[in-house]
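Sequential numbering of the sequence shown, starting at 1, is according to the numbering used here.
For each residue, glycine too, the CB sits at the ideal point set by N, CA and C.
A short write-up of the structure that comes next.
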Amino acid sequence: MPSADDSARAQGQPPGADAAPTAGNGTPGDANAPARLLDDSQRRRLLSIARGSIRHGLDTGRPPALDLAAEPPALTLPRAAFVTLELQRRLRGCIGHLEATQPLALDVCDNAFAAAFQDPRFPPLRATELDPLCIKVSVLTPAVELRFAGEDALLAQLVPGHDGLILADAGRRGTFLPSVWEQLPTPRDFLRRLKEKAGLPPDHWSDRLRVWRYRTESFGE
């Protein structure tokens, strides 16, 4: 498996380069009814952490220090997450991790700050943008490598609307969150654009190409 980049941080939508994950054990849940990871109160807390991190960043230039002992136990477990920011339904930043390297609450805190101020596709968020900002959090399941003998076999395994994919080949890699299916609803288009995001031709294929699947539990303000 290709190693993650130094930050292990990835942008959730094109353009940009992404980290590849350590494959998880087992398989994702049922394609149409994935198991719920968080209850409503835990979701609200993560969204509050994300907004608080951005507000603190506007005031101080850095994310806040979280007291993990005060957080619900489910939010202190190691999990990977993405934080997506939107203004008037347009992307304003999206940063996340593909590997679970720290407690979920801290991951959301760090990624919210990074999405607001460090996404290279956008200028740093301005204070006037905070109130109308829409924040979304996606919590990832562990990624599982797919096995296939050719592109058609890979396409047949994909579940539109549910699968996030990480693709790696020829020293390049990229990821699309499941939300990208809203823009690219067919498996073939989804895969072709993911290849392009990874810096490969859309019709690229080789026996060394590797793909991992993950799912997300997504919620927002």
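For V108, the uninterrupted alpha helix (DSSP H) run begins and ends at L104 to F117, by DSSP.
For R44, there is no enclosing beta strand (DSSP E); the enclosing alpha helix (DSSP H) has its first and last residue at D40 to T60.
With at least 16 other beta carbons inside 10 angstroms of its own, Q42 counts as buried.
With contacts defined by Cβ atoms closer than 8 Å, L167 and R173 form a contacting pair. Straight across, the Cα-Cα distance linking V180 with F190 is about 8 Å. When only Cα atoms are considered, L98 and P132 end up about 28 Å apart. Between L177 and S138 the beta-carbon gap is near 6 Å, inside 8 Å, which marks them as a contact. Cβ-Cβ separation between A81 and N111: approximately 6 Å, consistent with a contact (criterion under 8 Å). Secondary structure note for D189: its alpha helix (DSSP H) is the uninterrupted segment P187 to K197. By the Cβ neighbour-count rule, S53 is buried, with 16 or more other Cβ atoms within 10 Å of its own.
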